[in-house]
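Right, one structure below, let's go through it.
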Amino acid sequence: MLAVPLTGCGGNWQSVLDVEGSAAISLKHLIILIVAVCSVVWMLVMVALIAALWRTRDAHPTTPEPVRERRMTLAVTGAVVATILIISTFTVLSFIATRTLNVAGQDDLTIRVRGLQWWWGLEYIGPHPSQRFETANEIHIPVGRNVRLKLEGLDVIHSFWVPSLAGKQDLVPGRSNELTIRAERAGVYRGQCAEFCGMQHAHMALLVIAEPQEDFERWAAAQRQTATPPIDEEAAAGLQTFLTKPCAACHTVRGTAAAGTTGPDLTHVGSRRTIASGMFETTRGSLAAWIADPQTIKPGNNMPLVPLKPDELRAISAYLASLK
Amino acid sequence: MTRPATAPDTRDIDIERTRLTSTLAETWKTPPGFWGALTTVDHKIIGRRYIFTAFVFLALGGVLAALMRLQLAQPEARLIGPDRYNQIFTMHGANMMFLFAVPVMEAVAVYLVPLMVGTRNIAFPRLNAFSYWIYVAGGALLWIAFALDMGPDVGWFAYVPLSGPQYGAGKRADIWAQMITFTELSALAIAVELVVTIFKQRAPGMTLDRIPLFVWSMLVTSFLVIMAMPAIMIASTGLILDRLFGTHFYNPAEGGDVLLWQHLFWFFGHPEVYIIFLPAAGMVSTMIEPFARRPAFGYLGLVMALIATGILAFGLWVHHMFVAGLPRLGDSFFTASSMAIAIPAGIQMFCWLATLWDGRPVFKTPLLFIIGFIVTFVIGGLTGVMVASVPFDTQVHDTYFVVAHFHYVLIGGAVFPLLGAVHYWFPKLTGRMMSETLGRWSFWLIIVGFNATFFPMHILGLEGMPRRVYTYQPDLPWHGLNVFISLSAVVLTAGFLLFFINVLKSARFGEVAPDNPWDAPTLEWATTSPPPSYNFAMIPVVGSLHPLWDERDTLPVADGLRTDRRELIVTTLAAAEPQAREASPRNSIWPLLAAVATTIMLIWSIFSPWAVVWGSIPIAVALIGWFWPKGTPEDES
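Protein chains in written order, with the UniProt record's numbering: chain P, 1 to 324; chain B, 1 to 637.
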């Protein structure tokens, strides 16, 4: 297996505790507070338990005495009152924290995120229809801006979760959910489907790449372009194979005759860091491996094995790798 | 009270002790051999059978867990493919919830409740027999399907549309849904039996405030079963109709709703947790008395906490749906209600601590498991408070944090008390004591293995590892903890193996148990170990909450029951004053035949809707045979 290199941030890049998103930062504070209070509660209970078991006792009779019973009633009542106070505080804190999540303004960048077995379809919606474009599995966002995600499950239920940026939200067929994310620092943030969605639930990752506004604009402008024409003979042969074999029935490469919509849009597949929903780094080799045997690499996924001759496989992988 | 004309010498007051017991034994006996085994309606035999079967399912579910840990020990391991793995985790969840946890609690109650309330058999004993056969058939259906590579693979919660006609291919989801029907039937049957037994068959004098706490917990649990099961029945029927007939209950394209399934499922699924936990809490409250050598502190508080938990259990199902996109205000309400359940849990916990504080603890294996329960269940309860918070939950929902949480609740909160209960009531069930040495060893292995296995899962969840993944990629930082967890699971497995060895060995060679080895205060210890087929030669009369402590050696008894036919005393609901003598049914083969007919109909209906029409004919025949008057003495009343 090829490993996807970590870029942009060191250490853990899919963690609730290693956060760079505004929502995730406030969630982290809440989580740490609640965990700390609960740890103290647990320790107090343990102290009480140990004391109860180990304390030296006089040989009093087993029948309860009214004085001791009263004292214990007081202690138990006190503990119950403390419990009520703690959970009331938690409830109010949760309520306040919930209200601060999901605050999106009118002019925010909006991305339609579609969950499919087992990849993410992305549609950037600009103020003008001409700014619209499609891509897959890799979300680019500008740093420091709210980005509104419109979440739709197209087949079964999925859940969008990039823990370093925000809490998760389900993609439910027949409904449209929203989630606002905002990265405070440039970086690559990994996310993964969090609702069991069938055979390849484990391999349904995505990347969120937060970059400065100008880098983002440059990327978006490039994505809006149609595919680069084949740069050499081999790539041209690859395009030809792509169009004559079943590939084009499922995939779109804008600017060519390939206009299928079942699989991810491949117009700029070469520019994306990973293929197969975060399984491999995008290289010509990984593309070739994936096309040659998708069912062994990701059993049960919807990409069929298309028999290709060795030179066809070489050509098609060269072509796809060139789609920057 | 009716007084049929009977020969005077058949009343228990009119004959001397040895003839009394031999006549009762003849009247209540289960004939030896195969036929007797198939026809018995003795709650003790059925209860023991039920407990044994449930533990077999526990062991099978444990094997599945071990397989999962084997696969997850390495990133991108290829030991188990995604298709099999998804079947395995679905089977593990469905098996543990539907075939182990709920049935085992009800099974213990089937055995103990009639003894603890001082009666001779459970109410509706034939229904009890039927319930067991249906349960075994449901379990066999699920496991045979799994062996044939047809096991359900949609999770124990079977969310639509993944389990619906479009994405759940084959018969796998149907097998899951129909297994639910089997376990529903058996659980509902027992719930009804227990409610009636507890309400109407308590020994004279056992007023509401003298009911042992385990019996109280089973009463509340039974009502939970009766109220929660219809929701899953509606849900699974809708799913079967969608799959078999093409209805559109859950199909958004045709006006159905995907979230309807989740509401119905969790309206059942959350109370289900308390259906498992409350009996365990009752076991702790009951066992803590002999081992703290004092009455449980705060009887009224403990009973009220059980009832409050039962009521609140129905008001917090939405916390399973916090990230499904429901209105935020509603979510906040369910945060409050989910947090509130900590109050009755806290009351019970503080009462147990007070009991231990004031008592003089006897450190035997059952108490060790109670201590282990307190240590781990408090963690599970506190992480429960965490996931009750909507914002907290958006980060940990469907991650290993939740896997850790509910294993702390279910293993720490229910299995530990259950293991303690096995050590505690083993002498009553078998007439032999379990080995204390092996008991201690298994306790320490289990508690260390359990915490080492499940505590790191909290961290994995916070590090972003989702649940229900068959593998993970090598560049994610989860490998180390996963290896540690898989190794710790070996220790946990060793602990359970030792427990099973202890059970099997002690059943054969254990020290012979006296009637009341723990000096316990409740009625089941007033009879022999194991009890005779008729439970009590004379029905005890109860004068306090702890009859065997307060009236040592002088337990009063009621008399006047016939000995030549199966008879027991019916008492009033609140005051337990004797009301009538009631006949109790004899052994019968019809419950088994009815269960076979029901099984054929239910399994056939996975494949054809016409099964409901034609399959109901044999069921009707079996039920007519079941209720047909046989001319036995019991028919007279």
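Where a beta carbon is used, it is the ideal one built from N, C-alpha and C, also for glycine.
Keep in mind that this is a model prediction, so the values were computed, not measured.
Roughly how many whole angstroms lie between the Cα atoms of V323 (chain B) and G126 (chain P)?
-> Between the alpha carbons of V323 (chain B) and G126 (chain P) lies a distance of about 27 angstroms.
Just checking my contact of residue 651 (chain B) with P271 (chain B) at CB under 8 angstroms: how many whole Å lie between their CB atoms?
-> Beyond the ends of chain B as shown, which are 1 and 637, falls residue 651 (chain B); an answer cannot be given.
Under the DSSP definition of a beta bridge, which residues are partnered with V557 (chain B)?
-> In the DSSP secondary-structure assignment, V557 (chain B) is bridged to B:P540.
At a CB-CB cut-off below 7 angstroms, which residues of chain P make contact with L259 (chain B)?
-> Neighbourhood of L259 (chain B) in chain P, by CB distance below 7 angstroms: V172, in chain order.
Use the C-beta contact count for E195 (chain P): other C-beta atoms within 10 angstroms, 16 or more gives buried, fewer gives exposed.
-> Only buried fits E195 (chain P), as 16 or more other CB atoms lie within 10 angstroms of its CB.
Neighbouring residues, chain B, relative to P163 (chain P) (Cβ below 8 angstroms) = The contacting residues are Q395, G464.
For W216 (chain B), count neighbouring C-beta atoms within 10 Å of its own C-beta (all shown protein chains included) and say buried if the count is 16 or more, exposed if not.
-> It is buried - the Cβ of W216 (chain B) has at least 16 other Cβ atoms within 10 Å.
Which partner residues does K150 (chain P) have in the DSSP bridge list?
-> P:R112, P:E178.
Terminal residues of the alpha helix (DSSP H) in which F196 (chain P) lies | Careful: F196 (chain P) lies outside any alpha helix (DSSP H) and carries neither H nor E.
On the three-pair Cβ rule with 8 angstroms, is the region 151 to 169 of chain P touching the region 243 to 254 of chain P?
-> Counting Cβ pairs under 8 angstroms, fewer than three are found: no touch.
Determine the burial state of G121 (chain P): buried for a count of at least 16 other Cβ atoms within 10 Å of its Cβ, exposed for fewer.
-> Of the residues assessed, G121 (chain P) falls on the buried side of the cut-off, its CB having 16 or more other CB atoms within 10 angstroms.
Contact check, P165 (chain B) vs H43 (chain B), beta carbons under 8 angstroms = In this structure, P165 (chain B) sits away from H43 (chain B), with a CB-CB distance that is not shorter than 8 angstroms.
Quick one: grab the DSSP three-state call for A318 (chain P).
-> Helix, per DSSP.
If we call anything under 8 angstroms between Cβ atoms a contact, is V284 (chain B) one with P427 (chain B)?
-> The answer is no: Cβ separation not under 8 angstroms.
State the beta-bridge partners of E567 (chain B) as determined by DSSP.
-> For E567 (chain B), which the question treats as bridged, DSSP gives the partners B:A583.
Rank B:T237, B:G384, B:P327, B:Y472 by C-alpha distance to the C-alpha of E184 (chain B) and give the top, closest one.
-> Answer by Cα proximity: B:T237.
Only counting runs of 4 or more residues, tell me where the alpha helix (DSSP H) segments fall wholly within the region 274 to 322 of chain P, in order along the chain.
-> Listed in chain order, they are 284 to 292, 294 to 297, 310 to 322.
Does the region 324 to 340 of chain B touch the region 384 to 402 of chain B, meaning 3 or more C-beta pairs lie closer than 8 angstroms?
-> Because the criterion of three Cβ pairs below 8 angstroms is met, the region 384 to 402 of chain B and the region 324 to 340 of chain B touch.
Interface partners of F90 (chain P) on chain B, CB under 7 angstroms = Under the 7 angstroms cutoff, chain B gives M339, V385, S389.
Residue 327 (chain P) to R360 (chain B), Cα distance in whole Å?
-> Coverage of chain P is limited to positions 1 through 324, which leaves residue 327 (chain P) absent and any answer about it impossible.
Cα-Cα, which of B:A203, B:F146, B:G282 is closest to F373 (chain B)?
-> Nearest option by C-alpha distance: B:G282.
Applying a beta-carbon distance threshold of less than 7 angstroms, which residues of chain P neighbour S186 (chain B)?
-> Going along chain P, no residue has its Cβ under 7 angstroms from S186 (chain B), so there is no contact; the nearest lies around 27 angstroms.
Locate the alpha helix (DSSP H) running through D393 (chain B), then write down its first and last residues.
-> Unbroken alpha helix (DSSP H) run through D393 (chain B): 390 to 396.
Use the C-beta contact count for S130 (chain P): other C-beta atoms within 10 angstroms, 16 or more gives buried, fewer gives exposed.
-> Counting Cβ neighbours within 10 Å, S130 (chain P) comes out exposed, since fewer than 16 surround it.
Taking the alpha-carbon positions, what's the M72 (chain P) to L302 (chain B) distance?
-> When rounded, the distance between both Cα atoms is 14 angstroms.
Would you list the one or two residues that DSSP bridges to P578 (chain B)?
-> B:T571, per the DSSP bridge assignment.
Rounded C-beta distance between W133 (chain B) and A158 (chain B)? I'm assuming under 8 angstroms.
-> Not a contact, Cβ separation roughly 25 angstroms.
Span of the alpha helix (DSSP H), counted from its first residue to its last, around T598 (chain B) | From DSSP, the alpha helix (DSSP H) with T598 (chain B) extends over 590 to 604.
With DSSP as the reference, label W161 (chain P) as helix, strand or coil.
-> Here W161 (chain P) sits in coil by DSSP.
Inspect the CB distances between the region 510 to 530 of chain B and the region 581 to 599 of chain B and report whether three or more fall short of 8 angstroms.
-> Verdict: no, contact absent.
Which of the three DSSP states, helix, strand or coil, is assigned to L171 (chain P)?
-> For L171 (chain P), the secondary structure class from DSSP, reduced to helix, strand or coil, is strand.
Beta-ladder partner(s) of W120 (chain P), from DSSP | P:G115, per the DSSP bridge assignment.
Does W357 (chain B) come within less than 8 angstroms of chain P when only Cβ atoms are used?
-> Closer than 8 angstroms to some Cβ of chain P, the Cβ of W357 (chain B) qualifies, so yes.
Helix, strand or coil for G11 (chain P), going by three-state DSSP, please let me know.
-> Low per-residue confidence applies at G11 (chain P): pLDDT is 42, beneath 50, and the placement is therefore not dependable enough to give any value.
Could you name the residues of the same chain whose beta carbon sits closer than 8 angstroms to that of T27 (chain B), not counting the 5 residues immediately before and after it, in chain order?
-> Within the same chain, Y534, T563, D564, R565, R566 come within 8 angstroms of T27 (chain B) by CB-CB distance, once the 5 residues on both sides are set aside.
Can you find a C-beta in chain B that's less than 8 angstroms from the C-beta of D155 (chain P)?
-> Interface residue, yes.
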